[in-house]
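These protein sequences, in sequence, are chains A and B.
Heads up, the first sequence is in UniProt numbering, so the first residue is 1 and it goes up one at a time.
Heads up, the second sequence is in UniProt numbering, so the first residue is 1 and it goes up one at a time.
Each residue gets a CB set at the ideal place from its N, CA and C atoms; glycine is no exception.
Just below is one structure, and these are the notes that go with it.
Protein chains: 2
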Amino acid sequence: MDIAAVNGLPYEDFVDIFGNVVEKCPIITAAVWTKRPFASLNALEAAIHEFIDALPQSGKEGILRCHPDLAGRDLHSGTLTRESREEQARAGMHALGPEESRRVARLNDEYKQRFGFPFVICARMSDKASILLQLSERCRNERAVELARGIEEVKKICRLRLQGLVHSDAPNKL
Amino acid sequence: MDIAAVNGLPYEDFVDIFGNVVEKCPIITAAVWTKRPFASLNALEAAIHEFIDALPQSGKEGILRCHPDLAGRDLHSGTLTRESREEQARAGMHALGPEESRRVARLNDEYKQRFGFPFVICARMSDKASILLQLSERCRNERAVELARGIEEVKKICRLRLQGLVHSDAPNKL
């Protein structure tokens, strides 16, 4: 699909196709439909960023809280969204050893206890060792730093999900 | 569940339980968790209203676009959320005659074409005849009027969904 086709979509199809570019937040996709036509994939991405950035702090925290834990209960119970399942699997999160699993569970809990939202990372831009390292390091950050960092990761995830859905003439520039 | 129990929920359980009080907008529920503890069910409802009211116009339109059509494709394909299915069924939307079905489909399309979001109504506060009448009448409103009216209906739906989940000491005052 190219950007001209995207611009021609009725909102229902637009939300069906792009509704999960920000995990479990179809309202964001549904809101930016108002801003069409988009000159490019970059412009669609920019509209999503603009919406996210204008949210109050609680709204940004809300976005993070819509994300599953890495290697957490949604993965184990099979209730991850398709996108999250694929991303966590690529990073090896579905195949942790027992020791690693316990460590990740403990660090996830520590992180959530400390910040009131989950550890969010763009798993496709990382690998298992790096994810585990960042999880343990980011637990020690200040809350404001982690909120901003989590939202940055949400935007990276969004970019890759968009790239998987729309052909860009200049993919390196997205 | 009473409000003390609600206030004690970790965000994951809070979002699991209340994530669909605004249809397909768990971000709203996840955001207001930040505002706990809630003095009452009214206070929880007020926090949700405050979040919705602070959204830009595109965000309010986004909320409406997350709603299914009445007696539309999600009902026919079995993909309504549990809450919407029950609400539409109570109002008789699952049992329209062929003539009524065609009329509703035509009016839904006309409404969406005109406004760029779907007709939203609190079906549980209405009945089939009244819903069909309002659908045909509201098609003729101005867009700004319908956006405000749709959001009012979203809040009524939210109130009834909340009342179904939390015991209130003063249910008449919710």
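Straight-line gap, residue i to residue j (C-alpha atoms, nearest Å)
i             : j      : result
A95/A         : H67/A  : 20 Å
F51/B         : A30/A  : 17 Å
I17/A         : G72/A  : 26 Å
E152/B        : R138/A : 41 Å
P37/A         : F14/A  : 12 Å
L162/B        : D53/B  : 18 Å
S84/B         : A43/A  : 34 Å
V21/B         : L55/A  : 20 Å
K24/B         : E99/B  : 30 Å
G19/B         : E12/B  : 10 Å
residue 193/B : R82/B  : Residue 193/B cannot be examined here, being either before or after the span of chain B that is shown, 1 to 174.
S126/A        : H49/A  : 22 Å
R102/A        : L133/A : 15 Å
G8/B          : E45/B  : 17 Å
Q113/A        : G78/B  : 38 Å
A4/A          : P10/B  : 43 Å
A129/A        : G97/A  : 13 Å
R106/B        : H76/A  : 44 Å
V6/B          : V6/A   : 41 Å
Beta carbon of residue i nearer than 8 Å to that of residue j
i      : j      : result
V120/B : G150/B : yes
I63/B  : V154/B : yes
L147/A : K60/A  : yes
7 Å CB neighbourhood of residue i in its chain, flanking five on each side removed
i      : result
D69/B  : N108, P118
G164/B : none
L41/A  : I3, L162, V166, S168, L174
Three-state secondary structure (DSSP) of residue i
i      : result
P37/B  : coil
T29/A  : helix
N141/A : coil
A105/B : helix
H67/A  : coil
S168/B : coil
E23/B  : coil
M1/A   : coil
I121/A : coil
G92/B  : coil
G150/B : helix
P56/B  : coil
P10/A  : coil
Own chain, CB closer than 6 Å to residue i, minus 5 neighbours either side, in chain order
i      : result
R65/A  : F117
D2/B   : H167
V104/A : A71
R143/B : F115
D74/B  : P68, L80
Y111/B : F119, C139
Residues near residue i in its chain [Cβ-Cβ closer than 8 Å; skip 5 each side]
i      : result
H124/B : According to the sequence provided, residue 124/B is Arg. The question's His does not apply to it. Closer than 8 Å at the Cβ level, and outside the excluded window around R124/B, lie E87, R90, A91, I157, L160.
A47/B  : V32, K35, F38
I131/B : L70, A91, M93, I121, A123
Q57/A  : L147
N141/B : R149
P26/A  : V15, G19, N20
N172/A : In this prediction, N172/A scores a pLDDT of 43, lower than 50, which makes its location untrustworthy; no coordinate-derived value is stated.
The segment 6-25 of chain B: which residues have C-beta closer than 9 Å to a C-beta of chain A, in chain order?
From the segment 6-25 of chain B, only P10, Y11, E12, F14, V15, G19, V22, K24, C25 have a Cβ closer than 9 Å to chain A.
Taking a Cβ distance cut-off of 8 Å, strictly less, list which residues of the segment 22-54 of chain A are near chain B, in chain order.
The segment 22-54 of chain A vs chain B, Cβ under 8 Å: K24, C25, P26, I27, I28, T29, A30, A31, V32, W33, T34, K35, F51, A54.
Of the residues that make up the segment 62-85 of chain A, which ones have a beta carbon closer than 7 Å to any beta carbon in chain B?
G62, I63, R65, C66
Residues within the segment 92-123 of chain A neighbouring chain B, beta-carbon criterion of under 8 Å
K112, G116, F117
Along the segment 132-151 of chain A, what residues have a CB closer than 9 Å to any CB found in chain B?
none
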